[in-house]
Every structure is written in C-alpha cells, then in structure tokens.
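Taking it in order: structure first as structure tokens, then the write-up.
Number of protein chains: 2
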Amino acid sequence: MPSGANRQVPTQEELAIWRAHIETFEIVRSRIEARLQQDSQLSSGDYRILLALSEAEGRTLRSSELATHLEWERSRVSGQLGRMEKRGLVRREPCPEDARGQNVVLTDPGARAFRASTLPHLRAIKDVFVDALTPEQLASLGEAATATRSHLGLEHRS
Amino acid sequence: MPSGANRQVPTQEELAIWRAHIETFEIVRSRIEARLQQDSQLSSGDYRILLALSEAEGRTLRSSELATHLEWERSRVSGQLGRMEKRGLVRREPCPEDARGQNVVLTDPGARAFRASTLPHLRAIKDVFVDALTPEQLASLGEAATATRSHLGLEHRS
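Protein sequences appear in the order of chains U and Y. At position 27 of the first sequence (counting the first as 1) the number is 26 in numbering that gives the first Met the number 0, and the numbers step up by one without a gap. At position 106 of the second sequence (counting the first as 1) the number is 105 in numbering that gives the first Met the number 0, and the numbers step up by one without a gap.
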C-alpha cells in the first residue's frame, strides 16, 4: 500500500475510524428512526420532508427542490410524496410558473403530525445522540460536518 | 422548553449539530455507496456482508450473527442473502449444530468480488471522507464513535 503525500487510500487507522464512524452512526440513526416510527408513525423520509416543508415559505417547495435538498433520485421523492399524499400529510399541485414543475404543500394534518412528533423525536435525539457525548465531542462533530460540507461543495448549513 | 440538568430535549445548538451531522454524513455515505455501485456493482448491504464474512473464521457466519452484527431485521438479512446467493456471492447451508440455524459461507466468486472492490472503495473513502478532515478532526470522530458505542451498550470496535 503506498504511503505519504500521494497516498490514494486511507491508512489502517483512518480506515478504522471510518468504519467505527459509519457503523456507529448507522445504529444511532436506526435507533432514532425506530423511536420516530413507534412514537409518531413517521418514517425518517416522512419526517425530513415535513421538516423541510414546515420551514419553507408558504409551507411549499418545488418537488425538484426537495430532491436536491435530500439528495434523492426524483423517482424516490415521487414515490415518497405519493405515499404521504395518500395519508393526507402533503398535497401536490401544478406549479404556476412552470408547466412541468410541481409544488408540494404541507397540509394542516401534515403540520399537526409534524408538530406532534417533535417533542418525542427531540427526546430520542437527546437520549441516543447528545447524551453519549461531551460538549467538546459534540462541538468537534459539528466542525467535522462543516469541514466535510465544504470539501464536498455543499452549501453551508447553519 | 425546559433547560438545565433535567433538560429532556437538546438545546438549539445541540440540535443544529445533530442535523448537520446526520445530513452531512448521509451525503458522505450515499456518495461512497454510489461509487461502490458504479466501480464494483455492489450495494452497501452486499459489501457489509462480504466484509463480515471475509473476516470470519472459515469465511462463515450464522445468519443470526449477521443480523445482530448489522442490526438488521432477520427478514431484511434473509432477502439480502437471497439476492446475493442468486449472484453466487454467498452460499447458505444448514447449520450442523442447530437444526433451525443457517450458516452463510463466502464463496470463491464472492471473495474475488470483495477483493476486487477493495481498492476503488478505499479510494472513495479517502476522497470523500478522510480528505475532508484534519487528523485532529478525524481523531475526534473516532473518539465520538467510541463514546457513543459505550453509551448505547454496543461492543467495542477496534
């Protein structure tokens, strides 16, 4: 394995950190998602879309904006929105400015479901993620996320 | 929102870090997975199972051990193994010690596919994850993963 500045692959130590990181936070995520499903009957996809819409102007986003924001394929967004529309959580409307576009609107029941899910979801994040870490460890995770977003050319998140 | 020692929900700052962390590393993961699929025609599920088997004694694990290791439902493991068996990557056999158990064995083609995927996958991990971070940031991520595993009662990973 080559080493030094032109090294193209991780060291054993870097790789061990990658594996510990990805495996651990996959479990964190799946535990928090299981609680969301159990407490609020929402999948993580439901939740992410409800969250994005609840923060959007007029509770409305273009479905293409949702796809970009989630980094999902458009077919996946479309399937997800179809299921949410059947449950009355969102409504899809033609986009006035673009005949080929589609607006996704948060419905009142969707907004209520999102609000009702908030407190138990926050508790799960606290129990599973925040309480595991010291304030310094938490701050380092924030810095690592910022550095990674910048490296990948993603927009800055506040 | 309550505050102080008995606080049950994250602060705004803790929550912002959670969101940045989960969203950023979801993108990291999906970019690395897309490269794995493109370079080696393996999904991340395929890869995790091939990796676990390649490190197991006799290249064999019980399917229940795989489910525990991956924290997947048994039905998901079973569906995944069925697809991999069709492609010749693994073989399922009755377990000699347990009539209800099943052994999963890495086949030679599975071992070859895993080996061939390694170098491009390591390059993707380097490009997308390692190169984003300073050595200090990487070390902090490792510490955070260790602290989280301990908090969640997971076994220590080397």
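Ideal Cβ placement from N, Cα and C applies to all residues, glycine included.
If residue i sits next to residue j, beta carbons under 8 angstroms apart, how far is it from one beta carbon to the other, in whole angstroms?
i        : j        : result
Val127/U : Ile31/U  : 5 angstroms
Ser74/U  : Gly100/U : 16 angstroms between Cβ atoms; not a contact.
Gly87/U  : Thr106/U : 6 angstroms
Ser29/Y  : Glu70/U  : 6 angstroms
For the ligand PLP, I want to know if residue i counts as a neighbour, meaning its beta carbon is within less than 7 angstroms of at least one of the ligand's heavy atoms.
i       : result
Gln79/Y : The ligand PLP is absent from the structure shown, which contains no ligand whatsoever.
Decide if residue i is buried, meaning its Cβ has at least 16 other Cβ atoms within 10 Å, or exposed.
i        : result
Ser149/Y : exposed
Gly141/U : buried
Glu54/Y  : exposed
Gly57/U  : exposed
Ala98/U  : exposed
Met0/U   : Residue placement at Met0/U cannot be trusted, given a pLDDT of 45 that sits under 50; what the coordinates show is reported in the next sentence. Met0/U should be labelled exposed.
Thr10/Y  : exposed
Asp45/Y  : buried
Ser139/Y : buried
Ser2/Y   : Confidence in Ser2/Y is poor, its pLDDT being 47 and thus under 50, which makes the residue's placement unreliable; the coordinate value appears in the next sentence. It counts as exposed.
Gly167/Y : Because chain Y here runs from 0 to 157, residue 167/Y falls outside it and cannot be looked at.
Gln79/Y  : buried
Thr189/U : The requested residue 189/U does not occur in the structure, where chain U is confined to residues 0 to 157.
Roughly how many angstroms separate the alpha carbons of residue i and residue j, rounded to a whole number?
i        : j        : result
Pro134/Y : Val103/U : 42 angstroms
Thr145/Y : Glu25/Y  : 19 angstroms
Leu121/Y : Ser43/U  : 29 angstroms
Ile27/Y  : Ala131/Y : First, the amino acid is wrong: residue 27/Y is Val here, not Ile. Each residue's alpha carbon lies about 10 angstroms from the other.
Glu12/Y  : Arg18/Y  : 10 angstroms
Glu83/Y  : Arg90/Y  : Residue 83/Y is actually Met in this sequence, not Glu. Using only the alpha carbons, I get a separation of about 8 angstroms.
Thr59/U  : Gln40/U  : 23 angstroms
Ile16/Y  : Leu137/U : 7 angstroms
Glu96/Y  : Arg61/Y  : 11 angstroms
Gln7/Y   : Arg34/U  : 15 angstroms
Ala110/U : Cys94/Y  : 51 angstroms
Leu65/Y  : Ser77/Y  : 10 angstroms
Ile124/U : Gln36/Y  : 31 angstroms
Thr23/Y  : Lys85/Y  : 34 angstroms
Asp38/Y  : Pro108/U : 44 angstroms
Thr147/Y : Glu92/U  : 43 angstroms
Ala143/Y : Ala112/U : 32 angstroms
Leu14/U  : Val129/Y : 9 angstroms
Glu154/Y : Glu154/U : 36 angstroms
Relative to chain Y, which residues along the region 25 to 54 of chain U have a C-beta separation below 8 angstroms, given in chain order?
Glu25, Ile26, Val27, Arg28, Ser29 and Arg30
Which residues of the region 128 to 144 of chain U have a Cβ closer than 7 angstroms to any Cβ of chain Y? Give them in chain order.
Phe128, Val129, Asp130, Ala131, Leu132, Gln136, Leu137, Ser139, Leu140, Gly141, Glu142, Ala143 and Ala144
Three or more C-beta pairs under 8 angstroms: does that hold for the region 115 to 132 of chain Y against the region 39 to 53 of chain Y?
yes
Between the region 78 to 109 of chain Y and chain U, which residues of the former have a C-beta closer than 9 angstroms to a C-beta of the latter?
none
To be precise: take each residue of the region 117 to 128 of chain U, compare its Cβ to all Cβ atoms of chain Y, and keep it if any distance is under 8 angstroms. Which residues remain?
Leu118, Leu121, Arg122, Ile124, Lys125, Val127 and Phe128
Name, going along the chain, the residues of the region 6 to 17 of chain Y whose beta-carbon falls closer than 9 angstroms to a beta-carbon of chain U.
Arg6, Gln7, Val8, Pro9, Thr10, Glu12, Glu13, Leu14, Ala15, Ile16 and Trp17
Could you list the residues in the region 61 to 79 of chain Y with a C-beta less than 7 angstroms from some C-beta on chain U, going in chain order?
Glu70
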